[in-house]
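Colleague:
In full-length UniProt numbering, the protein residues as written are 1 to 208.
1. Report all residues from its chain with a CB closer than 6 angstroms to the CB of residue 106; omit the five preceding and five following residues, and keep chain order.
2. Is it true that the CB of residue 111 sits closer than 9 angstroms to the CB of residue 129?
3. Just tell me which of 50, 91, 57 has its CA closest to the CA of residue 146.
4. Helix or strand or just coil, what does DSSP make of residue 50?
5. Contact check, residue 100 vs residue 156 under 8 angstroms by CB: the rounded distance?
6. Leaving out five residues before and five after residue 60 in sequence, what residues of the same chain have Cβ atoms less than 6 angstroms from its Cβ?
7. Helix, strand or coil: which one does DSSP assign to residue 69?
8. From the DSSP output, in three-state form, read off residue 190 for me.
9. Just tell me which of 17, 48, 152, 67 has its CA closest to the CA of residue 26.
10. Quick check on this structure: which residue in 69, 19, 119 has the alpha carbon closest to the alpha carbon of residue 33?
11. Flag this pair as yes or no: are the beta carbons of residue 50 and residue 24 separated by less than 9 angstroms?
12. Can you tell me whether residue 45 is helix, strand or coil according to DSSP?
13. Suppose the cutoff is 8 angstroms on Cβ atoms and the five residues either side in sequence are ignored; what does the same chain contact list for residue 126 look like?
14. Between which two residues does the alpha helix (DSSP H) holding residue 131 run?
15. For residue 178, which option in 79, 67, 94 has the closest C-alpha, if you only look at C-alpha atoms?
16. To the nearest angstrom, how far is the alpha carbon of residue 190 from that of residue 151?
17. What separation, rounded to the nearest whole angstrom, lies between the Cα atoms of residue 22 and residue 72?
18. Quick one: Cα of residue 174 to Cα of residue 35, how far?
19. My parser needs the beta strand (DSSP E) runs of 3 or more residues fully inside the stretch 84-112; what are they?
20. Give me the residue from 154, 16, 148 with the minimum Cα distance to residue 63.
21. For residue 164, count neighbouring Cβ atoms within 10 angstroms of its own Cβ and tell me buried if that reaches 16, exposed if not.
22. What number of angstroms, rounded off, separates the C-alpha of residue 160 from the C-alpha of residue 176?
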């Protein structure tokens, strides 16, 4: 199995955003820690669920709160991602795409064999984010600025997909990327085996 880290501006796929939602659900150890750490206003008064929209609005304006939140959630997110990788390996998948917006910031980049960065111009990025999340330009700018600059991500990437054009152009670049990954698959198989063993050890020692 070939691990590919996919990131950018804001095969089988492990989606870090989906996992992040799962680990903060009611009843989890992460949720309990969040309730102990943050003001009650960040939680639904009836259900106790984390108000993700309110928390997101706050952390993208306050780097201190963002770091605190990440310190609580990231260990559990990493552990679940590693578990999904191990399961995919034993199911025999050739490729596993780790879709992680904070690939570098979370420390998960060290687990992948290749890094793919999806890139677009800053204006296009902001407009797409505003449309997707139904937010203002200021909110979009805060979200973008809270992440590692795209320029730095591109410098650390093995492959870059230019997403400024239409969907057909993007598909062509993805097809080319898949072809190149398949060509390098065999040479990295042994390294992957060692990596899986290492990740299993990490999984066993990470505290929830």
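Backbone N, C-alpha and C fix where the C-beta goes; we use that ideal spot for every residue, glycine too.
Modeller: Quick look at the numbers:
1. 74
2. no
3. 57
4. strand
5. Contact flag wrong, Cβ pair sits at about 13 angstroms.
6. 142, 143, 146
7. helix
8. In this predicted model, residue 190 has a pLDDT of only 47, less than 50, meaning its place in the structure is not dependable; the value taken from the coordinates is given anyway. Three-state DSSP puts residue 190 in a helix.
9. 48
10. 69
11. yes
12. coil
13. 137, 140, 141, 144
14. 122-133
15. 94
16. The predicted position of residue 190 is uncertain, since its pLDDT is 47 and thus under 50; a value taken from the coordinates is nonetheless stated next. One C-alpha to the other measures close to 32 angstroms.
17. 14 angstroms
18. 42 angstroms
19. 95-99
20. 148
21. exposed
22. 11 angstroms
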